[in-house]
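Trainee: My questions will all concern the structure given below.
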Ligand SMILES: NC(=O)c1ccc[n+]([C@@H]2O[C@H](COP(=O)([O-])OP(=O)(O)OC[C@H]3O[C@@H](n4cnc5c(N)ncnc54)[C@H](O)[C@@H]3O)[C@@H](O)[C@H]2O)c1
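Residue numbers (the UniProt record's numbering): 1 to 321.
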């Protein structure tokens with residue numbers, strides 16, 4: 001693998017996934033070869049990792065194009081987006097950012113022969129008419145949120161640019177992602193991060209979803225590994241050029257609370273469902289990722305209890321510091 005020849009641009013690098021993905025890519029490719037870019041300020045965790053940071057609005061195509069040319073970029077990871085819950089508050093903004101950012105990146109990738117592009121989709125592409133259990137790769141897809149609509153349209157743009165122009169763009173339908181390093185950015189599954197903070201700080205949590213709401217979830221180390229494994233897989237192994245189903249754990253608020261009580265027995269939960277319950281109810285409860293397993297040997301490592309143990313251990317250290 002010609003690791004040293006790559007120059008990587010991560011757009012949305014200060015976000016929940018961006019921070020950890022940038023750190024992981026810097027470990028593989030060298031800090032100076034991975035440029036972090038975001039509209040907001042550089043995340044503190046990135047500052048310590050020695051690589052370059054640029055302020056960028058991905059909607060400004062000229063600015064993006066100049067950056068790609070000046071820095072001799074060979075790979076782009078596009079993580080900037082408006083997520084499910086925030087998107088429902090401002091549908092026009094969600095549609096315009098989620099679509100135009102992708103089209104800007106795909107166009108520049110085509111014109112400048114970028115080696116590879118990564119763009120995440122989401123389980124939010126699925127809607128109430130999709131199967132609830134072990135939702136397959138190919139099935140009925142009728143999303144009801146603007147976020148889901150934008151992700152589904154985006155998947156087909158990726159497929160189009162691959163088949164029509166040969167742009168090697170790769171994608172995963174992430175489930176809800178749980179992490180302790182960088183805060184989540186306005187998704188329906190954010191409760192599964194907040195709960196660990198409140199369990200440690202307050203010994204109680206008020207959940208915005210009902211206790212029996214099962215959703216597909218994944219611990220961040222698995223998501224980062226999946227992303228890198230997909231990007232390193234030989235192109236000829238990839239049969240899906242829209243976006244791969246990806247799965248690890250499925251649990252409800254009640255079950256995550258029970259898992260936390262194994263470490264904090266006095267932890268209490270209250271439930272006060274809000275507008276996010278409707279979004280959660282429209283999604284599958286679990287995902288079939290057998291195509292990813294077959295094509296590039298995807299296999300998750302973390303189950304609920306292992307994740308809880310790791311989250312609580314790391315958050316305790318973080319809060320003490
Ligand atoms: N976190 C999850 O649970 C989850 C699940 C499924 C899919 N995804 C997808 O993964 C990607 C990253 O998600 P995340 O959770 O890290 O989101 P996030 O909101 O935490 O981070 C997104 C980052 O993009 C930046 N950004 C926004 N507008 C920008 C612009 N115009 N120019 C440059 N940067 C801009 C934001 O400042 C932010 O730092 C998104 O495409 C999201 O849809 C996330």
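Built from N, CA and C at the ideal position, the CB exists for glycine as well.
Everything numeric in this text was worked out from a predicted model, so none of it was measured.
Indicate, with yes or no, if ligand 1 has a heavy atom lying under 7 Å from the CB of residue 185.
Mentor: Result yes, Cβ under 7 Å from ligand 1.
Trainee: Taking 7 Å as the line, does the beta carbon of residue 274 fall inside it for any heavy atom of ligand 1?
Mentor: Checking every heavy atom of ligand 1 against the Cβ of residue 274, none is found closer than 7 Å.
Trainee: On a Cα-Cα basis, can you pick out the residue from 47, 222, 53 and 173 that is closest to residue 310?
Mentor: The candidate whose alpha carbon is nearest that of residue 310 is 222.
Trainee: Mind checking whether the beta-carbon of residue 143 lies closer than 7 Å to any heavy atom of ligand 1?
Mentor: Residue 143: no, Cβ never under 7 Å from ligand 1.
Trainee: Residue 124 and residue 283 - do their beta-carbons sit closer together than 8 Å?
Mentor: Contact: yes.
Trainee: Roughly how many angstroms lie between the CA atoms of residue 300 and residue 248, to the nearest whole one?
Mentor: Computed Cα separation, rounded: 5 Å.
Trainee: At what residue ranges does the region 11 to 92 contain a whole run of the alpha helix (DSSP H), taking only runs of 4 or more?
Mentor: Counting whole runs of 4 or more residues, the region 11 to 92 contains the alpha helix (DSSP H) stretches 16 to 29, 44 to 47, 61 to 70 and 84 to 89.
Trainee: Going by CA-CA distance only, name the one from 255, 227, 116 and 317 that's closest to residue 20.
Mentor: The shortest C-alpha separation from residue 20 is found at 227.
Trainee: Looking at the unbroken beta strand (DSSP E) that takes in residue 236, where does it start and where does it end?
Mentor: Unbroken run through residue 236: none, as it is neither H nor E.
Trainee: Quick one: Cα of residue 308 to Cα of residue 165, how far?
Mentor: So the alpha carbons of these two residues sit roughly 44 Å apart.
Trainee: Cβ-heavy atom distance between residue 80 and ligand 1 below 7 Å?
Mentor: True, at least one ligand heavy atom lies under 7 Å from that Cβ.
Trainee: Taking the Cβ atom as the reference point for each residue, do residue 296 and residue 233 lie within a distance shorter than 8 Å?
Mentor: Cβ distance < 8 Å, so residue 296 and residue 233 count as in contact.
Trainee: Please report how far the alpha carbon of residue 162 lies from the alpha carbon of residue 64, in whole angstroms.
Mentor: Spanning the two alpha carbons is a distance of roughly 21 Å.
Trainee: Nearer than 7 Å: is that true of the beta carbon of residue 16 relative to any heavy atom of ligand 1?
Mentor: Yes, the Cβ of residue 16 comes within 7 Å of a heavy atom of ligand 1.
Trainee: Please determine whether the Cβ atom of residue 39 lies at a distance below 7 Å from any heavy atom of ligand 1.
Mentor: Yes, ligand 1 has a heavy atom inside 7 Å of this Cβ.
Trainee: Check the DSSP bridge columns for residue 271 and list the partner residues they point to.
Mentor: Answer is 207, bridged to residue 271.
Trainee: So residue 146 and residue 94 are supposed to be a Cβ contact under 8 Å. How far apart are they, rounded?
Mentor: Indeed they touch by this definition, with Cβ atoms about 5 Å apart.
Trainee: Which residue marks the beginning of the beta strand (DSSP E) containing residue 123, and which one marks its end?
Mentor: Element bounds for residue 123: n/a, residue is neither H nor E.
Trainee: For residue 320, which three-state DSSP category applies?
Mentor: Three-state result, residue 320: helix.
Trainee: In three-state terms, what does DSSP make of residue 116?
Mentor: Residue 116 falls in the strand class under three-state DSSP.
Trainee: Any heavy atom of ligand 1 closer than 7 Å to the CB of residue 189?
Mentor: Yes, Cβ of residue 189 sits closer than 7 Å to a heavy atom of ligand 1.
Trainee: Taking 7 Å as the cut-off, is the C-beta of residue 176 nearer than that to any heavy atom in ligand 1?
Mentor: Yes, Cβ of residue 176 sits closer than 7 Å to a heavy atom of ligand 1.
Trainee: Apply the 10 Å Cβ neighbour rule to residue 256 and answer buried if 16 or more other Cβ atoms are within range, or exposed otherwise.
Mentor: Looking at its Cβ environment, which holds 16 or more other Cβ atoms inside 10 Å, residue 256 is buried.
Trainee: Among the residues of its own chain, which have a CB less than 7 Å from the CB of residue 187, if the five just before and after it don't count?
Mentor: So the qualifying residues of the chain are 83, 84, 85 and 176.
Trainee: Just the C-alpha distance for residue 9 and residue 268, rounded to the nearest angstrom, thanks.
Mentor: Using only the alpha carbons, I get a separation of about 43 Å.
Trainee: Where does residue 70 land, buried or exposed, given buried means 16+ other C-beta within 10 angstroms?
Mentor: Looking at its Cβ environment, which holds fewer than 16 other Cβ atoms inside 10 Å, residue 70 is exposed.
Trainee: Just how far apart, CA to CA, sit residue 154 and residue 211?
Mentor: Each residue's Cα considered, the two are about 32 Å apart.
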